[in-house]
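Quick note on numbering: the sequence shown equals residues 1324 to 1527 in my numbering.
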Amino acid sequence: MARIAIVYYSATGTIAAMARALAGGAEEEGAEVRLRRVRETAPPEAIAQNDRWARHAAEGESIPLAELEDLEWAHGFAFGTPTRFGTPSAQLKQFIDTTGGLWAKDVLVDKVATSFTASSTCHGGLEATILALNNTFYHWGTLVMPLGYGDPALRESGNPYGGSFVSRSKAPADELALRACAAQGRRLARVAAAIANVQVGAHS
């Protein structure tokens, strides 16, 4: 059984919905999943000015905060974030910047990682954000898992880098995006389980 950690930042709920879909896909493959949000760092006055942001901030408190132990525990993980000028959000990046100790001890080497994102405009940096997240995985020594086109839903969604969605006019993640994320979760669970089993065999 694969152990999968899904770590995300979501301001208004789009990425949170995609994270849940990815978690559901991994669970379909029998994986044990930890769904974790990162800490909100924006000032309360900024959040209060956006009704959707304020509402999701309150709703999201039921999701546990991500801890470094979640990455140690997992065989594979998925990181999700909205685009911020073609790069990951500051909130997710702050969590990533605390992983230096794990990196120094090679704790994350040979685990499996994948990324997903959303933007408000068609060319708002979807691929750039995923590739920026993947740069972290290269430094960790993790094995980067792309989404590819192996599932019919992925041919429709059209992004082999990772699950993505364009939230025009504040639209929630649609069925196609959620199906792609579920496929990403299934693939992550299968690949992480295979890698973990190989490692167990090598040490037995």
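Using N, Cα and C, we set each Cβ at its ideal position, and we do this for glycine too.
Quantities reported herein were computed from a predicted structural model and do not represent experimental measurements.
What does DSSP give as the partner residues of Phe-1460 in its beta bridges? Answer is none; Phe-1460 lacks a bridge partner.
Let me know the secondary structure DSSP gives Ile-1386 once reduced to three states. coil
Leu-1394 by DSSP, collapsed to three states: which one? helix
Work out the CA separation of Phe-1460 and Ala-1427 for me, nearest whole Å. 14 Å
Is Arg-1378 closer than 8 Å to Leu-1358 when the C-beta atoms are compared? no
Hey, could you find the ends of the beta strand (DSSP E) Pro-1366 is sitting in? Pro-1366 -> no beta strand (DSSP E), and no H or E assigned at all.
Less than 6 Å between C-beta atoms, sequence neighbours within five positions excluded: which residues of the same chain meet that for Glu-1450? Tyr-1484
Compute the Euclidean distance between the alpha carbons of Cys-1504 and Ser-1385, then round it to the nearest angstrom. 22 Å
Can you look up Ser-1480 in the DSSP assignment and give me helix, strand or coil? helix
Taking CB distances under 8 Å as the criterion, tell me whether Gly-1383 reaches chain E. This model lacks chain E altogether, as it is built from one protein chain only.
Identify which residue in Ala-1401, Glu-1368 and Leu-1391 has its Cα closest to the Cα of Arg-1509. Ala-1401
8 Å CB neighbourhood of Tyr-1472 in its chain, flanking five on each side removed: Arg-1478 and Pro-1483
Check whether the Cβ atoms of Gly-1424 and Ile-1327 lie closer than 8 Å to each other. no
I need the boundaries of the beta strand (DSSP E) containing Leu-1358, first residue and last residue. 1355 to 1360
To the nearest angstrom, how far is the alpha carbon of Val-1361 from that of Ala-1496? 20 Å
Does the Cβ of Leu-1388 have 16 or more other Cβ atoms within 10 Å, making it buried, or fewer, making it exposed? exposed
Can you give me the Cβ contacts of Thr-1364 inside the same chain, cut-off strictly under 8 Å, excluding the 5 residues immediately before and after it? Ala-1413, Gln-1414 and Gln-1417
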